[in-house]
Structure formats: C-alpha cells, structure tokens
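Take 0 as the starting number for the sequence shown in numbering that gives the first Met the number 0 and just add one per residue. We put the beta carbon where it would ideally sit given N, CA and C, even for glycine. Here the structure is a predicted model, which is why all the values come from computation and not from measurement. The structure appears right after this line, and notes come after that.
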Amino acid sequence: MQPVVEDPRLRPILEKVRAGDRLSYEDGLALYHTPDILALGYMANLVRERLHGDLTYFNVNRHINPTDVCVASCRLCAFGKRVKDPKAYTMSLDEVWHRAGEGWSEAVTEFHIVGGLHPELTLEWYCEMLRGLKERFPQVHLKAFTMVEVGYLARRSKLSARETLERLRDAGMDSLPGGGAEIFCERVRRIICDHKITGDEWIDTARTAHQLGLRSNCTMLYGHIENEEDRVDHLLRLRALQDETGGFVTFIPLAFHPDNTALHHIPKTTGFDDIKSIAAARLLLDNIPHIKAYWIMMTPRIAQIALRFGADDIDGTVVEEKIYHDAGATTSQSLRRAELLALIRKAGREPMERDTLYRPVTRTESTFTVLV
Ligand code: SF4
C-alpha cells in the first residue's frame, strides 16, 4: 500500500527510509517540524517492522530508589529532596534488600536502581548494596545508576569514572539505565539541571561504561525549554557514540512532567508530541536496536499506540515508581504481567518477555529461565 504523504518535506525522507539510508540533521528537523504524523508513523513503522516484525518486548522488573536525598537542585526535578526535608527518605541496606524481595511475587528479572545524589552515602555503601542484592537474588539483573550518579560517586570518592564503574561492576552492577542525559545542549542544561554533569561528561561516562563491557540504555528528556534543534542534536550525538561503541541497547524518550518542579508553569506534553518523539527517534537512531514507549511516562494508552509508530518495547511491570509520580504522573505505579500482555496483543503485536539484554525469558508461575 502506498502511504499518503501530505508534507512534501517528508517525500525524500521516505525514499531514504525505504533504501535504508541514514537520515541527516536537516531530515531530523523535518521530522520534528511536520504535522504529518501519519506519514511519520508509516516510516517509523517500516523501520520497526524491518527490525523486529510484530515482536514487542517487555520485562518483569522492579524499581528501587534507595534515597531521594539529593545535593543537586535541578529545576526539572520533583523527586530530589534536601537532606533536612522532613519528607526525604533514605533506606538502610536492609530496607533495600527487603524492598527488593517485595517485587519477587512475579519473579522479576531486573532491578532498576536509581536515586538522588546523597551527600553521605559512599561508593562502598552502594557496592555493599549491590553485593547484598546479588547474594539474595543471584538471577536478577542489576541495572543501576544514572551517569550522573556515577559522576557524583566518582567525585566524592576521588576516583575516575572508569575506576568507579569498575568497582560498581565488580560489586554486581550488570548494566546502566541511561538516565540523566536530559538534553545535551549546555544552554538548556544550565537552566534545567545546572548541578549535573555536562552533556560531554554524560557521553564520556557512557563511552567508558561501554568500553568496560557494560551495556546501557540512553534517554532524552523533552517537552520543557528545548527546541527541535536541541532534540536532533541530542539524538545525533547518541547515534555518533553508538557508531563508536555499539553499547546502547535501547533509547527511551522521556516526556517532561512539570508538576511539583520549579518549571511547573510549562504545559505538559501532548499525545502528539509523545508519538512524534518515538517516531523521530526510530528514524534517526538507525544503529540503536530498541525504542521504548515507557508506559509510566506516556500512559499505557499512548504507549500502546506508539507500538505502531516505531516503538518495539513497552518497559515492564515496574512495581513501585516514584520519580514520575512525584512529578504528577497519574498512571498506576505498576502493571501486572498479564496487563502488559493484553496491551501488546490488543495493538496487534506479539509479546515477548525479555531480560534486560533482550534474551527471551520463559517462565512458570514463580520461576523463570533466560535463554542464553
Ligand atoms: S534530577 Fe537527579 S540529580 Fe537532579 S535533583 Fe533530581 S535526583 Fe537530584
């Protein structure tokens, strides 16, 4: 079937997509500027089905946020709290290990662990946390720490990012979730998250992790004060690093949620923005295997539609999400495995449970096996 391409700017891009050619910076801008969402979706779906057919991946995972205490005060954030804030919390190691076990009922295959930049928790404390989790849940993959947390732990420990990553890896960290990238453009970063590592430092930390054999995801926070040029620049910098290392597994576009942040005056993203971000990413990031529609952030309804606009992954059961819910997310904090299966099947796609590295998982009621 011939697609109807109403926007003439997209016609040469469609030819490139059909031929499997790489898209340029200018093409990326055209993708973000066009209102022709159906043509965009057609092209992104072409690539998605070329790579994955109908397969749609999900996992059974649990989020753990050991602390929301943070020395940074990013204007984009509703999660981080000052150490003296009465609402702030920091789990003890026993609490982390106990909390991890509460998600065990569906035999999780992954713990997703991120938190604030705590002024007192040491690198050794985090290594102990990882060792304790590995001891108690040896089959569970530990996907832990944003590049920003790694940078902060390195600075506090007076170690290089490489040495810090090595210690975390040796203690049990299996991969990194790719958070903290936000938007690499320094003009924007200075306003939304000026206490964080720079965009170049984020890229350098990811490069080092990949060189050490650790895989990671990558992200982009959109829908705040950035413009389309900033978005395309961000995606192309990720694509360039992927050409170099091949270490990224999945790209996850993250919509900015303004509630309870210093940027609360900014309107929330629309479904149109969210779908477009998925499709543009699928088309520009030709070397990153997976594009995730993170249902917590997009809502399950929009994430389901995204499965026809370039996304091949819908994330996991999550169990307990704090970061987006502190910023006003109205989605549930968890979905059961059966609910994820139904969402995917009703979109006409074929669900495949995966582990963090996209190996197929087969399971009984309470156990699982990863095909390696
Ligand atoms: S975004 Fe991360 S680093 Fe910034 S204040 Fe929030 S928790 Fe801290």
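Where leucine 340 and glycine 315 are concerned, what is the direct C-alpha to C-alpha distance, given to the nearest angstrom? Sequence index remark: in the sequence shown, residue 340 carries index 341 (1-based). Sequence index remark: in the sequence shown, residue 315 carries index 316 (1-based). In this structure, the CA atom of leucine 340 is about 10 Å from the CA atom of glycine 315.
Where DSSP assigns a beta bridge to serine 215, which residues make up the other side? To locate residue 215, count along the sequence shown from 1; it is residue 216. Its beta-bridge partners are Leu175, Phe247.
Does DSSP classify alanine 302 as helix, strand or coil? Position 303 of the sequence shown, counting from 1, holds the residue named residue 302. Alanine 302 falls in the helix class under three-state DSSP.
With a 10 Å radius around its C-beta and 16 neighbouring C-beta atoms as the bar for buried, classify leucine 253 as buried or exposed. The count along the sequence shown starts at 1 and reaches residue 253 at position 254. Counting Cβ neighbours within 10 Å, leucine 253 comes out buried, since at least 16 surround it.
Do lysine 345 and isoleucine 36 count as a contact pair if the criterion is CB distance below 8 Å? In the sequence shown, the residue the question calls residue 36 occupies position 37. In the sequence shown, the residue the question calls residue 345 occupies position 346. It is not a contact, given that the beta carbons lie outside the stated cut-off.
Note down, in chain order, each residue of its chain lying with its Cβ closer than 7 Å to the Cβ of histidine 51, except the 5 sequence neighbours on either side. Numbered from 1 along the sequence shown, position 52 holds the residue referred to as residue 51. Taken in chain order, the residues that qualify are Asp311.
DSSP three-state assignment for leucine 75, whether helix, strand or coil: Translated into the one-based positions of the sequence shown, residue 75 becomes position 76. Three-state result, leucine 75: coil.
Kindly give me the distance between the Cβ atoms of isoleucine 251 and asparagine 286, rounded to whole angstroms, as I take these residues to be in contact under 8 Å. Residue mapping note: residue 251 aligns to position 252 of the sequence shown, counting from 1. Residue mapping note: residue 286 aligns to position 287 of the sequence shown, counting from 1. That pair is no contact at about 16 Å.
In chain order, what residues of the same chain have a beta carbon less than 6 Å from the beta carbon of cysteine 69, not counting five sequence neighbours either side? Translated into positions along the sequence shown, residue 69 becomes position 70. If we look at cysteine 69 and ignore the five residues flanking it on each side, its Cβ neighbours are Gly79, Gly115, Leu116.
Straight-line Cα distance separating histidine 289 from proline 350: As a position in the sequence shown, residue 350 is number 351, starting the count at 1. As a position in the sequence shown, residue 289 is number 290, starting the count at 1. Histidine 289 has its alpha-carbon roughly 14 Å from the corresponding atom of proline 350.
Starting from the C-beta of valine 147, find all residues in its chain whose C-beta is less than 6 Å away, skip the five residues before and the five after it, and write them out in chain order. Counted from its first residue, the sequence shown places residue 147 at position 148. Hits under 6 Å: Gly179, Lys195, Ile196.
If you measure from the CB of histidine 78, is any heavy atom of the ligand SF4 nearer than 7 Å? Taking the sequence shown and counting its residues from 1, one reaches residue 78 at position 79. Correcting the residue type first, residue 78 is phenylalanine in the shown sequence and not histidine. For phenylalanine 78, the shortest separation between its Cβ and any heavy atom of the ligand SF4 lies below 7 Å.
Does the structure place the stretch 169 to 183 close enough to the stretch 224 to 238 that three or more beta carbon pairs sit under 8 Å? The stretch 224 to 238 vs the stretch 169 to 183: in contact.
Applying the criterion that 16 or more other CB atoms from any shown protein chain within 10 Å of the CB defines a buried residue, is arginine 135 buried or exposed? For the purposes of this step, residue 135 is identified with residue 136 of the sequence shown, where counting begins at 1. When all chains shown are included, arginine 135 counts as exposed.
Which partner residues does leucine 220 have in the DSSP bridge list? Residue mapping note: residue 220 aligns to position 221 of the sequence shown, counting from 1. DSSP lists Leu253 as the bridge partner or partners of leucine 220.
Cβ neighbour criterion (16 or more within 10 Å) applied to tyrosine 151: The residue given as residue 151 occupies position 152 in the sequence shown. By the neighbour-count rule (16 or more Cβ atoms within 10 Å), tyrosine 151 is buried.
Cβ atoms of threonine 268 and glycine 222: under 8 Å apart, would you say? Residue mapping note: residue 222 aligns to position 223 of the sequence shown, counting from 1. Residue mapping note: residue 268 aligns to position 269 of the sequence shown, counting from 1. In this structure, threonine 268 lies closer than 8 Å to glycine 222 by Cβ.
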